[in-house]
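Undergrad: Numbering (the numbering used here), first residue to last: 6 to 191.
For reference, the structure I am asking about is given below.
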Amino acid sequence: MAKPEPQPTELKKPVNRREFLTFAWLVSLGFLSVNVAGMTYLFSMPRFKEGEFGGVVTVGKVSEVPGVDAGPGNFPKVKFWLSNTEDGAFALYKVCTHLGCLFNWKDQEFKFVCPCHGSQFQKNGDYIQGPAPRSLDRFVMQAVDPATGDVLAQTPDDGGPMPLPDNPEAIIQVNTGSRITGKAHG
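Structure (structure tokens):
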């Protein structure tokens, strides 16, 4: 058998301007798609860690909760006040329900007062007076037995007070990602 003769190699045509721009456009579209997909993935991942606003915050032990006659405990990093009343404890969101200002506790008046427009609230977060349309928002709380991990007490679904358990070593946790809207007044 005879060997086939080698064919002469064809010369490749140079890439013209239109083909180059089409290739460059497709490559840049591919990079854009990969970047958007990556950003979408990162955006969908939860960013809240324990101890940060939006997650579960460990406040401390039941024995460390401020007394009924004392002012509420301030937790500025995670934006809530821990208020203890005769009925039980509340974790009150620090943002006024009127226009979103950060309200303060006034020891002399024994109530919360918003510095922006003067809305006033009781120690349990109930509306007293001012332009605010409702009582203060509350976060869900729970008291956990450190030895067993059992939940000893929890905020009721209506946002009422959480009764403090008799165990002084129980751990108080506040879920700043679970907010209960305050009741409208009048």
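Backbone N, C-alpha and C define an ideal beta-carbon position, used for all residues, glycine too.
1) With a CB to CB cut of under 6 Å and the five nearest residues on each side skipped, what residues in its chain are close to residue 157?
2) The alpha helix (DSSP H) that contains residue 43, what's its start and end?
3) Let me confirm a value: residue 166 is counted as buried when at least 16 other C-beta atoms fall within 10 Å, else exposed. Which label applies?
4) DSSP three-state label for residue 82, please.
5) Out of 38, 189 and 78, state which residue places its alpha-carbon closest to the alpha-carbon of residue 142.
6) Expressed to the nearest angstrom, what Euclidean distance is found between the alpha-carbon atoms of residue 89 and residue 48?
7) Taking its Cβ as the centre, do 16 or more other Cβ atoms sit within 10 Å of residue 87, making it buried, or is it exposed?
8) For the beta strand (DSSP E) containing residue 139, list its first residue and its last residue.
9) Starting from residue 115 and walking both ways along the beta strand (DSSP E), at which residues does that stretch end?
10) Going by DSSP in three states, residue 67 sits in which element: helix, strand or coil?
11) Given a threshold of 16 other Cβ atoms within 10 Å of its Cβ, counted over all protein chains shown, does residue 179 qualify as buried or as exposed?
12) Are the Cβ atoms of residue 76 and residue 112 separated by less than 8 Å?
13) For residue 114 and residue 161, I'd like the C-alpha separation in whole angstroms.
14) Does DSSP classify residue 169 as helix, strand or coil?
15) Which of the three DSSP states, helix, strand or coil, is assigned to residue 105?
TA: Once the coordinates are examined:
1) If you number the sequence shown from 1, residue 157 lands on position 152. Cβ neighbours of residue 157 beyond the five flanking positions: 148, 150, 170 and 175.
2) Position 38 of the sequence shown, counted from the start, is the residue given in the question as residue 43. That run of the alpha helix (DSSP H) goes 22-49.
3) The residue labelled residue 166 in the question sits at position 161 within the sequence shown. Residue 166 is buried by the Cβ-count criterion.
4) Position 77 of the sequence shown, counting from 1, holds the residue named residue 82. Residue 82 sits in a helix when the DSSP states are folded into three classes.
5) Residue mapping note: residue 142 aligns to position 137 of the sequence shown, counting from 1. When only C-alpha atoms are compared, the closest one is 189.
6) Here residue 89 refers to the residue found at position 84 of the sequence shown. Here residue 48 refers to the residue found at position 43 of the sequence shown. Rounded to the nearest angstrom, the two C-alpha atoms are 37 Å apart.
7) Position 82 of the sequence shown, counting from 1, holds the residue named residue 87. Result: buried.
8) For this step, residue 139 is matched to residue 134 along the sequence shown. If you look at residue 139, you'll find it isn't in any beta strand (DSSP E); DSSP assigns it neither H nor E.
9) What you label residue 115 is simply residue 110 of the sequence shown in a count that begins at 1. No beta strand (DSSP E) contains residue 115, which DSSP labels as neither H nor E.
10) Indexing the sequence shown from 1 puts residue 67 at position 62. In the structure shown, residue 67 adopts helical secondary structure according to DSSP, grouped into three states.
11) Residue 179 sits at position 174 when you count from the first residue of the sequence shown. So residue 179 ends up on the buried side.
12) One-based indexing of the sequence shown puts residue 76 at position 71. One-based indexing of the sequence shown puts residue 112 at position 107. Contact: yes.
13) The sequence position of residue 114 within the sequence shown is 109, counting from 1. The sequence position of residue 161 within the sequence shown is 156, counting from 1. Taking the straight line from one Cα to the other gives about 28 Å.
14) If you number the sequence shown from 1, residue 169 lands on position 164. Correct three-state label for residue 169: coil.
15) Along the sequence shown, read from residue 1 onward, the residue named residue 105 stands at position 100. Residue 105 falls in the coil class under three-state DSSP.
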